[in-house]
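Take the position in the sequence shown, starting the count at 1, then add 8; the result is the number in the working numbering.
Every residue, glycine too, gets a C-beta built ideally from N, C-alpha and C.
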Amino acid sequence: MSTRNELKLQAAAAALDFIEPGMVVGLGGGSTAALFVAQLGQALQNGRLRNIVGIPSAPVVGAFAQTHGVPLTDLERHPHIDVCVDGADEVSPQFDLIKGGGGLLTREKILAQASAELVIVVDEYKHADMLGQRWAVPVEVMAFGWTSQRDFMQELGARVVTARRHPDGTLYHTDQGNLILDAHFGPIPTPTDIAMALSVRAGVVEHGLFLGMTSKLITSYATGALAVTSPT
Ligand code: 5RP
9 MSTRNELKLQ AAAAALDFIE PGMVVGLGGG STAALFVAQL GQALQNGRLR NIVGIPSAPV
69 VGAFAQTHGV PLTDLERHPH IDVCVDGADE VSPQFDLIKG GGGLLTREKI LAQASAELVI
129 VVDEYKHADM LGQRWAVPVE VMAFGWTSQR DFMQELGARV VTARRHPDGT LYHTDQGNLI
189 LDAHFGPIPT PTDIAMALSV RAGVVEHGLF LGMTSKLITS YATGALAVTS PT
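Shown next as structure tokens:
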């Protein structure tokens, strides 16, 4: 039986198969994406890959990539990303995702939308019959008027909406200086409706529903199996 970290590593390592020399690679956030970044750095060191540049989804991701020898660029210099590799908090049978457990959802979505391919790396425990089964939807909102966004999400059907906080109780701020509201909808039969409603709401910067964006899903299983699947 593999540990959770071993499962994440297995999925992350398999994403290297989608990286070719000369590519611009989007670097997602979270522990599984970090394992991919470390593998990418290793592949550059041992010569398996060359001429790769990465675009990090957060300063912390960029710093980590640099310690692993991954050269960095940005969207100004490289507006088109070949492949973005990222993790997810929850994956539906339709390949839709909840992301933002690490609070990086807005930049992660910008990278995903600038990418020709979005490769998602998860272990089997991220799979759910329906989005929202286990995870709240993280929503990045401007601090100005955030309580009205909380009320709006409750009107949309969220049972509980909590402002994300640090362990000391202070509000968590994103790299853009905004807040994250975690909206507990429970199972979401029609995520498009919620995504649309959030997208047109003033003060909502971005939400963690990544719908119709996954190109490839790499899942590692406790049995040792690995599956690479894609939407039809
Ligand atoms: C960060 C994310 C992460 O991809 C997501 O939280 C999964 O993280 P992990 O790989 O650590 O389980 O969306 O904003």
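Item	Value
Buried versus exposed, by CB contacts within 10 Å (16 or more), T178	exposed
Span of the alpha helix (DSSP H) around T114	L113 to Q121
Option in G216, A233 and R142 with minimal Cα separation from R115	G216
Beta-carbon spacing of A51, L234 below 8 Å	no
Where R158 sits in the DSSP three-state scheme	helix
Neighbourhood of G211 by C-beta, 8 Å cutoff - its chain only, sequence neighbours within 5 removed	V149, M150, F152, G153, W154, S156 and Q157
Beta-carbon spacing of I40, A19 below 8 Å	Checking the sequence, you will find Thr at residue 40 rather than Ile. Yes; because the gap between Cβ atoms is below 8 Å, this pair is in contact.
Sequence-ordered residues whose beta carbon comes within less than 5 Å of a heavy atom of the ligand 5RP	G37, G38, S39, T40, G95, D97, K107, G108, G109, G110 and L112
Bridge partner(s) assigned by DSSP for K16	According to DSSP, which records beta bridges pairwise, K16 is partnered with nothing at all.
Closer than 8 Å to chain B by CB, L206	The structure shown has no chain B; it contains just one protein chain.
Cα-Cα separation between V145 and G37, rounded to whole angstroms	16 Å
Beta-carbon proximity of V93 to V127, cut-off 8 Å	yes
Start and end residues, alpha helix (DSSP H) containing L52	S39 to Q53
Local conformation of M124 per DSSP, three classes	Note on identity: in this sequence residue 124 is Ala, with Met being the wrong assignment. Here A124 sits in strand by DSSP.
G62 beta carbon near the ligand SAM (any heavy atom closer than 7 Å)	The ligand SAM is not among the ligands present in this structure, which contains only the ligand 5RP.
Top-ranked residue by Cα proximity to V236, from Y180, K224 and D82	K224
Between the CA atoms of G109 and P199 - distance to the nearest angstrom	18 Å
Residue of M161, A203 and E125 minimising C-alpha distance to V32	E125
L164 and A205 closer than 8 Å at C-beta	yes
Option nearest A191 by Cα separation, candidates E214, H174, P175 and D176	E214
Same chain, Cβ closer than 6 Å to F26, neighbours up to 5 away in sequence not counted	V91 and V127
Backbone CA spacing between G220 and P79 [nearest angstrom]	30 Å
Cross-strand partners of H135 (DSSP beta bridge)	V99
Host alpha helix (DSSP H) of V68 (start-end)	P67 to T75
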